[in-house]
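In the working numbering, the protein residues as written are -12 to 446. Have a look at the structure below, then the notes.
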Ligand code: BES
Ligand code: MN
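Structural data, given as structure tokens:
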């Protein structure tokens, strides 16, 4: 008789086949932010379609959007059982700095227990793990015990700008009881965790304009305000000496951590030394005073400079007074900050502090995403907790993640659906950086955990 155990056994006996599929998937350079990769996005969507067909899914379709498409499929043969909407994204981040990669980011290479490739962890590995779990249950485990819908998008890494519209257009198609979002990670290969919160995001370009064109810094320097200097002054004023953000009203709505939650976060098996290692060993940590590194990255909002541009940055010297300067600025938001309100607060700060020797422009990049908090006392969260314990043999802990997944808020807002946030990435996977990898033993535990999850949810 086919059972969950035979499905688990089948996966264990077919590790090489599954690794080869992951290599195929990760070899497609589906970088959503670079327009020269548009055809690769399409190829990748078609790869997902073909994988869904092989996994036994029905009603498979590519749903176009104004930019990159999503893939939908379902398998609805368990009347009376819950419907789970599995979310994933098949797009990836750019690969730069390319010189720091030890192997080609799109020629997946296995070294020891790890498979190195862009997207191996974030999140092609997690998408494939989910599909392999369902496929094994379907073909070798006596059937998928509940109803499953699948939505795998191509725009997550650019902030899911068209996913809200797509969800509005396909509300009926996407109707479900709960969403499963495996785009996060766990604490370590031996300590599973459940993510109960994510930070949100608001992203901008701040342009400062001075003279109509670049000037000789000797002829004009001293009398014409340098936009790079103005930008630097403005940025410098956005934090005080204690690491707090100075935008007017910025902390007004920020959720205060209850004492019990601070105590629980303090007890998490996370060490500062390991955090430093995973952060590529900065000389020392820096952050808002009065908060631990766990709180600073999970429960407190930030304002980061993601990029700076001005003047001459080529080899050697050029005595130029630049005409313009630009900073990419993003804010990680916590509950209950509003992405539109922080845009207003940044605007207010600039109105109050920018000198009249320049003009400036604040351009929002993509849609803002609010932070997310998950109710831990629901059946789906219990189903994933139990599944993690069944697979890892260790009770999971609850943790807050500092990253953002825009779809979680969109699903709450548009479909009225909560998400279970899980995933099997490890803190040292190097997501978004060079030499991204997935830890294969953890990836396979992920497949088993998800099989348990679906079975638990059907009970
Ligand atoms: N999977 C990540 C987010 C993540 C990473 C959550 C680790 C929890 C643990 C996701 O793909 C991501 O990187 N999101 C972007 C979103 C942005 C472009 C809107 C992010 O957080 O920068
Ligand atoms: Mn990512």
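We put the beta carbon where it would ideally sit given N, CA and C, even for glycine.
DSSP-derived helix/strand/coil call for residue i
i: residue 11; result: helix
i: residue 183; result: strand
i: residue 22; result: helix
i: residue -2; result: helix
i: residue 101; result: strand
i: residue 449; result: Residue 449 is absent from the model: the chain starts at -12 and stops at 446.
i: residue 343; result: coil
i: residue 73; result: strand
i: residue 384; result: strand
i: residue 319; result: strand
i: residue 398; result: helix
i: residue 412; result: strand
Nearest residue (CA-CA) to residue i, options the options
i: residue 162; options: 239, 50, 32, 72; result: 72
i: residue 347; options: 14, 195, 30; result: 195
i: residue 245; options: 106, 282, 5, 264; result: 282
i: residue 80; options: 350, 144, 200; result: 144
i: residue 20; options: 261, 175, 55, 118; result: 55
i: residue 211; options: 184, 345, 395, 87; result: 345
i: residue 251; options: 67, 70, 385, 418; result: 385
i: residue 351; options: 442, 188, 363; result: 188
i: residue 238; options: 323, 264, 201; result: 323
i: residue 419; options: 25, 92, 39, 49; result: 92
i: residue 39; options: 271, 424, 62; result: 62
Cβ-heavy atom distance, residue i to ligand 2, below 7 Å
i: residue 113; result: no
i: residue 352; result: no
i: residue 388; result: no
i: residue 300; result: no
i: residue 80; result: yes
Through-space distance from residue j to residue i, alpha-carbon basis
i: residue 31; j: residue 15; result: 6 Å
i: residue 197; j: residue 358; result: 36 Å
i: residue 233; j: residue 274; result: 14 Å
i: residue 113; j: residue 75; result: 8 Å
i: residue 411; j: residue 430; result: 6 Å
i: residue 393; j: residue 149; result: 11 Å
i: residue 47; j: residue 60; result: 4 Å
i: residue 127; j: residue 10; result: 23 Å
Residue i CB to nearest heavy atom of ligand 1 below 7 Å
i: residue 60; result: no
i: residue 188; result: yes
i: residue 153; result: no
i: residue 166; result: no
i: residue 17; result: no
Any non-hydrogen atom of ligand 3 closer than 7 Å to residue i Cβ
i: residue 306; result: Ligand 3 is not part of this structure, which contains only ligand 1 and ligand 2.
Beta-carbon separation (whole angstroms), residue i vs residue j, contact threshold 8 Å
i: residue 315; j: residue 192; result: 6 Å
i: residue 318; j: residue 329; result: 6 Å
i: residue 35; j: residue 179; result: Actually they do not touch by this definition, with Cβ atoms about 27 Å apart.
i: residue 341; j: residue 443; result: With 8 Å as the limit, residue 341 and residue 443 do not qualify as a contact, their Cβ atoms being about 55 Å apart.
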